[in-house]
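Here the sequence shown is numbered in my numbering, starting from 6 and rising by one per residue.
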Amino acid sequence: MINPFPAKSKTPIKLLKLLPYTLVGLGVFWFNSETNLNYLFRGYLVLLEAQLGILIVYFLMSKINKLHKNR
C-alpha cells in the first residue's frame, strides 16, 4: 500500500529557523521576570525589548538564510 502522507525529512537549516524566535522569546521572558520595576518603567522596557527583539531576529534569520544559500 502506498503511503498518502510520505514523511518529509526536515533539514537542519529549516529547524534552525525557529531558533531565533525561541531564543529572543526566552530571553525577554527571563529578563522581564527578573526585574522589579514599577509598571511605568516595565512598560517602556517591554517596548524597547520588542524593538530590539525584532532586530535580533532579523539579523539571525539573515545569517541562517546565508548558510542555507551557501549549501
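We put the beta carbon where it would ideally sit given N, CA and C, even for glycine.
- If you draw a straight line from the Cα of Y44 to the Cα of P25, it comes to about 28 angstroms.
- If you look at L31, you'll find it in the alpha helix (DSSP H) that goes L24 to E39.
- With a cutoff of 8 angstroms on beta-carbon distance, L50 and T40 are scored as near each other.
- Take R47, set aside five residues on each side of it, and the residues of its chain with a beta-carbon closer than 8 angstroms to its own are N37 and T40, in chain order.
- Judged by their CB atoms, K22 and I59 are not nearer to each other than the 8 angstroms cut-off.
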